[in-house]
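A short worksheet on the structure shown next.
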Amino acid sequence: MNQIREYNFGFNCGITPIIKWGDYHRHNEVEITFVDKGSFNLELQGQKIEVKPGKLLIFWGGMPHYIESLEPDQTQYWMCVPVSSFIQWVDNPQVFRHIFTNGLILTDIYRHVNAYSSLFYLWSAELNDTSQRIREAAQLSICAQIRCTLEDIGKTPVTNNFSLQDLVYGKGTVKSTKLFKRACEYIIDNFRDFDLDAEKIADAINTHPKYLISLFKRKYGMSLNDFILFLRISEAQKMLMHTNRKVADIAFDCGFSTLSSFYSAFRRIVGEKPLHYRPHHYFPIGL
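Per this note's numbering, residue 85 is the first one in the sequence shown, and the count goes up by one each step.
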């Protein structure tokens, strides 16, 4: 794999021509994308997945990837959603776990593709509006629409019925693929434990810590510790946005053993202090 470029898109939406990225890239947001005509390839760790028109693709951008067009003059409708927001949209934990362990979900929107196209044009304009009120209204509208889509997905068991399990993990043995999935599932279920580390995870899935650390870096393009921190900070962002709980209580409930480690990680990942983040994102929903 070539150099992996790091990006931060935030909560954003756009309608742009599909280009072939020169290098793999990754970003911590969940990406939601589709095309209304033609097909495109999503490349995940050296493997290609063809996405046809009328299919909505939802995947975590933290896995190194790039998208390329299969036809000239092709338009991509895309949205990036911070995980802290996406968590609120998923009532079925099976859907959330599937995206972060199996990589992606494809769902059919063929009958509604024109409506989705119109909505993406509207959302793209509103999310970039100078009015904070309009931007917040757009986020609520997006939340309502995508939440309905995710609820429809959650009505049936989420499985690998797209025959993509081997693709989303890239090259590797069946054993390493299953081990990686078990590690991700364990971390998602236990990232709030302050003593979670490589040794504890490796012991739970019967492997060596050094092998687990190496495997994780190879599969996700980020370190095991960074993935744990990412989940903890995403959970903290959610609680800062939607509750009036004290910052210290949030930090400890999200798995941090000290306030200093929480503040340091939050500023590194989010780019600002928790107390500065809350006033600009606060929207209580009674969690």
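We treat Cβ as the ideally placed atom computed from N, Cα and C, and that holds for glycine.
Values in this document were obtained by computation on a predicted structure and should not be read as measured data.
Per-residue DSSP class, three states only, for His360: The residue given as residue 360 occupies position 276 in the sequence shown. The answer is helix: DSSP assigns His360 an H, G or I state.
Same chain only: Cβ atoms within 8 angstroms of Leu324, ignoring 5 sequence neighbours per side: Position 240 of the sequence shown, counted from the start, is the residue given in the question as residue 324. Excluding sequence neighbours, Leu324 sits near Val331, Ile334, Pro358, Tyr361, Arg362, His365, Tyr366.
Nearest neighbour of Phe143, chosen from Ala221, Glu127, Val179, Ile189 [CA to CA]: Taking the first residue of the sequence shown as 1, we reach residue 143 at position 59. Among Ala221, Glu127, Val179, Ile189, the Cα nearest to that of Phe143 belongs to Ile189.
Cβ-Cβ distance between Asp152 and Asn176 below 7 angstroms: In the sequence shown, residue 152 corresponds to position 68, counting from 1. In the sequence shown, residue 176 corresponds to position 92, counting from 1. First, the residue type needs correcting, since residue 152 is Glu and not Asp in the sequence shown. No.
Residue nearest to Asn96 in terms of C-alpha spacing, selected from Ile103, Lys136, Pro166: For the purposes of this step, residue 96 is taken as the residue at position 12 of the sequence shown. Comparing Cα-Cα distances from Asn96 to each of Ile103, Lys136, Pro166, the minimum goes to Pro166.
From Ile230, Arg316, Trp207, Ser201, residue whose alpha carbon lies closest to that of Glu220: Indexing the sequence shown from 1 puts residue 220 at position 136. For Glu220, the nearest C-alpha among the options comes from Trp207.
Member of Asn328, Lys322, Ile317 whose CA lies at the smallest distance from the CA of Leu425: Nothing about residue 425 can be read from this structure; the chain reaches only from 85 to 371.
Under the three-state DSSP convention, the category Met163 falls into: Counted from its first residue, the sequence shown places residue 163 at position 79. Three-state result, Met163: strand.
Secondary structure of Lys132, DSSP reduced to three states: Here residue 132 is taken as the residue at index 48 of the sequence shown, counted from 1. Lys132 falls in the strand class under three-state DSSP.
Helix, strand or coil at Leu280 [DSSP, three-state]: As a first step, residue 280 must be located in the sequence shown, where it is residue number 196. Here Leu280 sits in coil by DSSP.
As assigned by DSSP and simplified to three states, the class of Lys330: As a first step, residue 330 is located in the sequence shown; it is residue number 246 there, counting from the start. If DSSP states are grouped into helix, strand and coil, Lys330 belongs with coil.
Where the beta strand (DSSP E) containing Tyr91 begins and where it ends: Within the sequence shown, numbered from 1, the residue matching residue 91 stands at position 7. It spans 89-91 - the beta strand (DSSP E) in which Tyr91 sits, taken as one unbroken run.
Beta-carbon proximity list for Phe275, same chain, < 7 angstroms, skipping 5 on both sides: The sequence position of residue 275 within the sequence shown is 191, counting from 1. So the qualifying residues of the chain are Ile312, Leu315, Arg316, Gly339.
Cα-Cα separation between Phe204 and Thr291, rounded to whole angstroms: Sequence index remark: in the sequence shown, residue 204 carries index 120 (1-based). Sequence index remark: in the sequence shown, residue 291 carries index 207 (1-based). Phe204 and Thr291: Cα-Cα distance of roughly 45 angstroms.
Burial state of Gln321, where buried means 16 or more other Cβ atoms lie within 10 Å: Working through the sequence shown from its first residue, we reach residue 321 at position 237. Result: buried.
Pair within 7 angstroms by beta-carbon distance, Cys227 and Trp173: Stepping through the sequence shown from its first residue, residue 227 is reached at position 143. Stepping through the sequence shown from its first residue, residue 173 is reached at position 89. Going by C-beta atoms, Cys227 is nearer than 7 angstroms to Trp173.
Classification of Asn112 by the beta-carbon crowding that lies within 10 angstroms, buried from 16 upward: On the sequence shown, position 28 is the one that residue 112 refers to. The residue in question, Asn112, is buried, as its Cβ has 16 or more Cβ neighbours within 10 Å.
CB of Ile288 within 7 angstroms of CB of Leu296, strictly: Taking the sequence shown and counting its residues from 1, one reaches residue 288 at position 204. Taking the sequence shown and counting its residues from 1, one reaches residue 296 at position 212. Note that residue 288 corresponds to Ala in the displayed sequence, not to Ile. It is not a contact, given that the beta carbons lie outside the stated cut-off.
Exposure of Tyr91, with buried meaning 16 or more beta-carbon neighbours within 10 Å: The count along the sequence shown starts at 1 and reaches residue 91 at position 7. Burial call: exposed.
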